[in-house]
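To start, the structure under review is shown below, and the notes come after it.
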Amino acid sequence: MSLDRFYPILDSPAWLERVLPLGVKLVQLRIKDAAADALAGAIAAAQALCDRHGAVLVVNDHWRQAIDAGCRWVHLGQEDLDGADLAAIRRAGIRLGISTHDHAELHRALALTPDYVALGPVYPTILKQMRWHEQGLARIAEWKRLIGALPLVAIGGMSVERAPGAFEAGADVVSAVTDITLNPDPEARVRAWLAATR
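Numbered by the working numbering, the letters in the sequence shown go through residues 703 to 900 in order.
Structure below.
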């Protein structure tokens, strides 16, 4: 299975409206706090935008709403796995990405036959407080040896400048959040990402 090498993570359909016309083909919608109606509407809108632009939408965490909206991908963190109905996700034909940070989490993820595995944080990240220190490029290489042909997503502190090192170490996909959302010119940054990953 082949995924686009550039994987931005964004928190609203408004962001998707900005980046999808630029050529983004794989994007995660990560909404942490929203009322149920607003969340459902945002996921449906994001899926419609991705359909219009020929892009793959991955819904972070909210697997029930993803099923309801006819989405095709869900990403779950380790804590999210605890409350997820994986059988229902699979019955709905939804593909699954799983976050990992250490060997125990990787073992758990692989036992669930995910469609990709994410490793992070590769570099220090300001997105959220994490109990894991930076993993580094050597860990990417180790993870790739362990998972083989399964796509490996590198996340955490990633930038256009750091992406080549992650790919050389074995990442198949590089994910970015604040490198885009905190950039003074997000569209220009997305264009730089696309140029660096295509």
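From the three backbone atoms N, C-alpha and C, an ideal C-beta is built for every residue, glycine too. None of these values were measured; they are calculated from a predicted model.
Cα-Cα separation, residue i to residue j
i: G785; j: G756; result: 31 Å
i: R720; j: A737; result: 23 Å
i: L848; j: L788; result: 23 Å
i: R792; j: N762; result: 16 Å
i: A865; j: P816; result: 23 Å
i: L896; j: Q730; result: 16 Å
i: I733; j: E844; result: 31 Å
i: D874; j: A790; result: 28 Å
Candidates the options: closest to residue i by CA position
i: R810; options: E836, L728, E781, R797; result: E781
i: A840; options: F869, A750, A813; result: F869
i: A716; options: K734, K727, G779, A747; result: A747
i: Y709; options: I842, H764, T880; result: T880
i: G850; options: S877, V819, E863, M860; result: V819
i: L783; options: R774, I769, C773, L798; result: L798
i: E863; options: G779, A750, L812, S877; result: S877
i: L728; options: A742, Q749, L741, D739; result: Q749
i: D739; options: R754, V855, L705, H764; result: H764
Assumed close pair residue i, residue j - CB separation to whole angstroms, cut-off 8 Å
i: L712; j: L718; result: 6 Å
i: I769; j: I745; result: Not really, about 10 Å apart at Cβ, beyond 8 Å.
Cut-off 6 Å between Cβ atoms - residues of its own chain near residue i, not counting five sequence neighbours on either side
i: C752; result: L759
i: E836; result: P823, Y825, P826
i: A871; result: L839, I842, A843
i: S861; result: D881
i: G779; result: S801
Buried or exposed (CB count within 10 angstroms, at least 16 for buried), residue i
i: A771; result: buried
i: H777; result: buried
i: A890; result: exposed
i: R707; result: buried
i: A813; result: exposed
i: P886; result: exposed
Beta-carbon contacts of residue i that lie in its chain and below 7 Å, excluding the five residues immediately before and after
i: P888; result: R720, I882
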